[in-house]
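Have a look at the structure below, then the notes.
Numbering (this note's numbering), first residue to last: 1 to 683.
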């Protein structure tokens, strides 16, 4: 399932509301952030956020600072309390308040307790992962290697096989088996071929990480079959060389953006004939996936893998799987393994200087493994009904405004307009939390065995996914947990999803005026709606099928407009000579441009937009655009910013604001500026 994720994961839920009739304080713009020495028309992002940008610092435990992180701090404070309360109730205290065995409170509480007991985790050393390593040691040939890889995948410990069950892009009502390129430990295939100083530093950090994992495991084994202590560096070179050959077969970020070019439905028999060493039939049987066909998204990867499985020494493959097993397990083992993972993933790749507190890391683990259980506890306390009602109202207004904009398009014919509006009105809208919660009753949490508890969670997630194979798509299912501060559009479901975590200030506040809410969460809503009509989403019809619904001449004009957006963003400089990749980011940029325009039109449908009263010296329209700009303020470490540009389909925050504002005619009129005559806009 391809989700289009909103950049800069925004955090948290709406604040807990008092039960008394007291009216909550109205939140407003952060006036102290405005740099009045900068003219709005010269640099609107800096005008709205300049004083904050001049003084803000990135905390040592983070890779960035800004609205997202401030929202996150609030969410985390709520979650911390929930986790502490759940752990207390899952304990051995008062039976009157003790959580029932098997309840979500007991599961969440005991997993938290298990993960917080670092003394017990350190004391067990490498013991939890030894059965996995022993299985790898027993491998005698490629077939037994594939058997071990499948067995590990059943517990969520994947390596070079990419597999999931999801909606068929061309028959979106049915879930089918799908494969994708995998097997690399650096963030993207291009990292393996970079020769700049930052790229070489990332490669060196990755090799060091692999070497550290292997040396730690060898030391714990007294040498063991993984090689003697101190051999990790040489072994890491072998693994990197293997992965570089896998990476060479990977599609680039830009190539992955074409859904038609990444759809190859194949019979398993034909696939087995084409790639006998991979042996998809046997692998799927071992995995427990019963199917006679699969959508092979990147066939060249599996063609390369098929050759390399016999071209490279079996010992290298065993070493590779060993390293990736340790990588998968690192954060669930003792301190030394967890620190090694931090040094690579957080410090080297993102510039984070200090590891997060243990409880915060446990929140991330529980959200990833028992997400909807934690989500239930969260929304019960921190997502009020009036927030869901208000957001639903905004979504409906955005949908109405978008339809009106489609009617006014001068580049689209009437037939295509009707089809576009039919798709728009068919969008499934999900707000806050699921109507149906996940059942985690098969999960076993052992308070004294953290690693095994994680494996139980991961195995259940694999089972949950495999159970969908051949079944109708469940459109009530969510792809994010309720506390997540993000949003997405899913083309095969033709749905927009807004978890409770993103529905908080400055994105949204129940007590705030419409200018702030439409400039904040309204733009996000419009952004996700527009994803249904960006370079990728536009290829799916109203039922979520990868099927052309455009008149040929209209689609040609649409693609020409997409090229203008690509050229515009290619010109934006991020760091030194590093530019925004207009091709990779075109879908998100299209959604930003459309989202802001649609949100503004929807805001005009409210009474407040027609009220000429100034608040804090700003008109309603000015407050709308200021809210938008302040919502996206952020400061990243250079490492995190560089990684975003190289691997993320979203533009950096300053260019998201600048690009959308400079191409919106209403921005110019709001601030009394002369409009650019070459505005770029599709929707």
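Beta carbons are placed, not taken as given, at the ideal position from N, Cα and C, and that holds for glycine. For clarity, every value in this text was computed on a predicted model and none was experimentally measured.
Classification of residue i by the beta-carbon crowding that lies within 10 angstroms, buried from 16 upward
| i | result |
| --- | --- |
| residue 386 | exposed |
| residue 627 | buried |
| residue 381 | exposed |
| residue 548 | exposed |
| residue 54 | exposed |
| residue 411 | exposed |
| residue 556 | exposed |
| residue 384 | buried |
| residue 106 | buried |
| residue 631 | buried |
| residue 325 | buried |
| residue 242 | buried |
| residue 138 | exposed |
| residue 436 | exposed |
| residue 14 | Residue confidence is low: residue 14 scores 29 on pLDDT, short of 50, so the model does not pin down where it sits. Its coordinate-derived value is still stated next. The residue in question, residue 14, is buried, as its Cβ has 16 or more Cβ neighbours within 10 Å. |
| residue 541 | buried |
| residue 128 | buried |
| residue 624 | buried |
| residue 642 | buried |
| residue 683 | buried |
| residue 408 | exposed |
| residue 559 | exposed |
| residue 357 | exposed |
Three-state class that DSSP yields for residue i in the structure shown
| i | result |
| --- | --- |
| residue 682 | coil |
| residue 283 | helix |
| residue 353 | coil |
| residue 507 | coil |
| residue 617 | coil |
| residue 677 | coil |
| residue 684 | Nothing about residue 684 can be reported from this structure: the residues present for the chain run from 1 to 683 only. |
| residue 414 | helix |
| residue 612 | coil |
| residue 368 | helix |
| residue 17 | For residue 17, the pLDDT reaches just 30, beneath the cut-off of 50, and the residue's location in the model is therefore unreliable, although a value from the coordinates is still provided. Looking at residue 17 - three-state DSSP - the assignment turns out to be coil, as it is neither helix nor strand. |
| residue 118 | helix |
| residue 168 | strand |
| residue 58 | coil |
| residue 497 | strand |
| residue 563 | helix |
| residue 295 | strand |
| residue 480 | coil |
Chain-order list of residues whose beta-carbon lies under 7 Å from that of residue i (same chain, five-residue window excluded)
| i | result |
| --- | --- |
| residue 98 | 89 |
| residue 671 | 40, 41, 622 |
| residue 313 | none |
| residue 342 | 355 |
| residue 388 | 431, 432 |
Residue i: CB within 6 Å of a non-hydrogen atom of the ligand PLP
| i | result |
| --- | --- |
| residue 396 | Ligands displayed in this structure: none; no statement on the ligand PLP is therefore possible. |
Cβ shell of residue i (< 8 Å), same chain only, five flanking positions each side left out
| i | result |
| --- | --- |
| residue 651 | 7, 569, 572, 580, 585, 588, 589, 592, 659 |
| residue 668 | 41, 674, 675, 676 |
| residue 287 | 150, 153, 154, 163, 466 |
| residue 521 | 391, 394, 498, 502, 503, 507, 508 |
| residue 145 | 139, 309, 314, 317, 318, 321 |
| residue 27 | 505, 506, 509, 511, 512, 516 |
| residue 618 | 29, 626 |
Other residues of its chain near residue i: CB distance less than 6 Å, five sequence neighbours each side excluded
| i | result |
| --- | --- |
| residue 51 | 33, 35 |
| residue 666 | 600 |
| residue 280 | 268, 271, 272 |
| residue 371 | 481 |
| residue 443 | 456, 457, 460 |
| residue 309 | 142, 277 |
| residue 207 | 236, 240 |
Rounded distance between the beta-carbons of residue j and residue i, thought under 8 Å
| i | j | result |
| --- | --- | --- |
| residue 524 | residue 595 | 7 Å |
| residue 305 | residue 256 | The Cβ separation is near 17 Å, so there is no contact. |
| residue 430 | residue 495 | 6 Å |
| residue 367 | residue 483 | 6 Å |
Legend entry - Three CB pairs or more closer than 8 Å across the segment 418-434 and the segment 80-90: Output reads no: the segment 80-90 does not touch the segment 418-434.
Inset, instruction - Decide yes or no for the touch test of the segment 390-398 against the segment 449-466: beta carbon pairs closer than 8 Å, at least 3 of them. - result: Result no; under three Cβ-Cβ pairs closer than 8 Å.
Inset, instruction - Please confirm if the segment 603-615 is in contact with the segment 524-533, defined as three or more CB-CB distances below 8 Å between the two stretches. - result: Short answer: they don't touch.
Legend entry - Cβ contact check for the segment 632-639 and the segment 51-69: 3 or more pairs under 8 Å: Contact between the segment 632-639 and the segment 51-69 is present, because at least three Cβ pairs lie under 8 Å.
Legend entry - the segment 175-183 / the segment 283-297 touching (three or more Cβ pairs under 8 Å): Inter-segment contact for the segment 175-183 and the segment 283-297 is present: three or more beta-carbon pairs are separated by less than 8 Å.
Legend entry - the segment 117-129 / the segment 330-338 touching (three or more Cβ pairs under 8 Å): Flag = yes, the segment 117-129 and the segment 330-338 touch.
Inset, instruction - May I ask you to verify whether the segment 110-118 touches the segment 242-252, counting CB pairs closer than 8 Å and requiring at least 3? - result: Fewer than three pairs of CB atoms, one per stretch, sit closer than 8 Å, so the segment 110-118 makes no contact with the segment 242-252.
Inset, instruction - Would you check if there are 3 or more beta carbon pairs closer than 8 Å linking the segment 342-352 to the segment 203-219? - result: Of all C-beta pairs linking the segment 342-352 to the segment 203-219, three or more are shorter than 8 Å, placing the two stretches in contact.
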